[in-house]
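Residue numbers (this note's numbering): 1 to 395.
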């Protein structure tokens with residue numbers, strides 16, 4: 001009589017709990033870009049992002065992130081043509097946008113989130129699961145081109161002003177300011193905003209990019225992914241700090257008050273807006289370049305910001321030794337955007353417009369090699385199964 005085969009114990013299916021916030025956990029591979037926080041370096045497809053911002057146009061870097069390479073002259077012309085054509089509002093949305101702009105609880109970013117969702121529905125964007133890579137990229141180009149047009153129409157109507165159509169002869173950043181003011185912007189202001197927008201197109205696997213990829217992993221459409229990403233960006237821990245950094249400058253008021261104010265804030269356990277970063281443990285390269293951009297624009301606010309920055313770094317070094325807190329991108333972002341004429345309620349929506357390039361590139365990458373993102377959770381509630389209370393029944 002043969003012996004019964006050995007029965008091996010079943011392997012445990014209990015998931016391993018990841019660190020809170022998924023810190024240090026890699027959840028995907030990407031060719032788009034990476035952040036090296038200890039080195040103070042980040043790149044887009046291998047190119048130093050700050051060097052791209054110094055030497056390239058918005059459209060050139062847009063092509064790099066979405067298509068995969070810096071464009072030659074013919075490829076750049078193609079993208080520029082696609083971008084201008086994509087600025088046209090979808091049929092039937094104009095009146096709805098005007099109604100959104102007049103809502104009592106209007107906020108620029110909330111209105112933009114709604115407008116993106118509305119426009120995606122009007123364009124009948126299809127699930128990425130059913131599209132070819134070229135079709136996904138076409139949807140990406142359309143939504144990146146359209147987003148600032150939606151935002152500026154909402155903004156102007158909310159202000160009681162007539163909307164301004166984008167000038168087809170202007171690039172992305174210059175047309176952004178032209179739709180805001182109705183006037184052709186000066187080259188210095190347009191280039192400063194363009195450099196800011198290039199610097200904020202993408203930044204590794206941040207919360208909003210991860211959100212966009214999770215939504216795309218279900219096979220959903222480009223509009224749904226962008227709507228979710230904007231919702232994630234709306235959180236002040238992610239996209240809401242540039243205006244708060246300026247609020248801090250206002251609260252300080254004068255150079256003479258900087259030391260006392262900053263010390264009181266740190267000793268009181270308050271966070272200094274514009275300082276410290278989840279990833280960077282050295283100088284934020286975006287802040288370094290934006291400091292240069294702000295200095296090029298000039299003005300008293302830039303000089304005041306420089307004084308506050310130096311004082312804050314000294315105070316943080318003294319009161320929080322070993323914490324490695326440096327100036328982050330939000331500090332000089334607010335100064336640059338304020339100097340080129342953007343109101344504070346438009347800072348984060350402007351960030352959202354530039355980040356659409358990174359989001360849509362991530363969507364295209366996820367869709368090209370997709371697997372549903374479906375993690376587990378560890379249950380820590382009462383032991384199961386729990387008996388129903390005595391006499392408990394459907395009434």
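Note that the Cβ used here is the ideal one computed from N, Cα and C, for glycine as well.
Distance between residue j and residue i (C-alpha atoms, nearest Å)
| i | j | result |
| --- | --- | --- |
| residue 331 | residue 245 | 6 Å |
| residue 141 | residue 378 | 40 Å |
| residue 75 | residue 199 | 22 Å |
| residue 67 | residue 364 | 9 Å |
| residue 19 | residue 367 | 27 Å |
| residue 321 | residue 69 | 43 Å |
| residue 157 | residue 225 | 26 Å |
| residue 397 | residue 93 | Missing from the structure shown is residue 397; the chain here goes from 1 to 395 and no further. |
| residue 125 | residue 371 | 21 Å |
| residue 48 | residue 54 | 10 Å |
| residue 338 | residue 35 | 27 Å |
| residue 169 | residue 175 | 8 Å |
| residue 376 | residue 102 | 42 Å |
| residue 14 | residue 369 | 27 Å |
| residue 154 | residue 251 | 30 Å |
| residue 82 | residue 236 | 33 Å |
| residue 42 | residue 149 | 29 Å |
| residue 390 | residue 111 | 50 Å |
| residue 383 | residue 23 | 29 Å |
8 Å contact criterion, which residue i and residue j should meet: CB distance rounded
| i | j | result |
| --- | --- | --- |
| residue 208 | residue 229 | 4 Å |
| residue 285 | residue 40 | 6 Å |
| residue 79 | residue 32 | That pair is no contact at about 17 Å. |
| residue 358 | residue 143 | In fact, because the Cβ distance is near 13 Å, the residues do not count as touching under 8 Å. |
| residue 91 | residue 122 | 7 Å |
Nearest residue (CA-CA) to residue i, options the options
| i | options | result |
| --- | --- | --- |
| residue 178 | 357, 351, 384 and 342 | 342 |
| residue 336 | 388, 42, 289 and 272 | 289 |
| residue 472 | 182, 221, 105 and 168 | Given a span of 1 to 395 for the chain in the structure shown, any question on residue 472 remains unanswerable. |
| residue 77 | 57, 92 and 89 | 57 |
| residue 97 | 162, 55 and 236 | 162 |
| residue 355 | 62, 30 and 45 | 62 |
| residue 361 | 24, 294 and 205 | 205 |
| residue 270 | 295, 380, 319 and 99 | 319 |
| residue 301 | 274, 273, 373 and 334 | 334 |
Exposure of residue i, with buried meaning 16 or more beta-carbon neighbours within 10 Å
| i | result |
| --- | --- |
| residue 393 | exposed |
| residue 180 | buried |
| residue 59 | buried |
| residue 133 | exposed |
| residue 147 | buried |
| residue 26 | exposed |
| residue 352 | buried |
| residue 2 | With a pLDDT of 49 at residue 2, under the threshold of 50, the predicted position of this residue should be treated as unreliable, though the coordinate-derived value follows. Residue 2 should be labelled exposed. |
Beta-carbon proximity check, residue i vs residue j, cutoff 8 Å
| i | j | result |
| --- | --- | --- |
| residue 312 | residue 262 | yes |
| residue 129 | residue 21 | no |
| residue 116 | residue 16 | no |
| residue 232 | residue 211 | yes |
| residue 239 | residue 348 | yes |
| residue 172 | residue 293 | no |
| residue 381 | residue 328 | no |
| residue 203 | residue 258 | no |
| residue 266 | residue 315 | yes |
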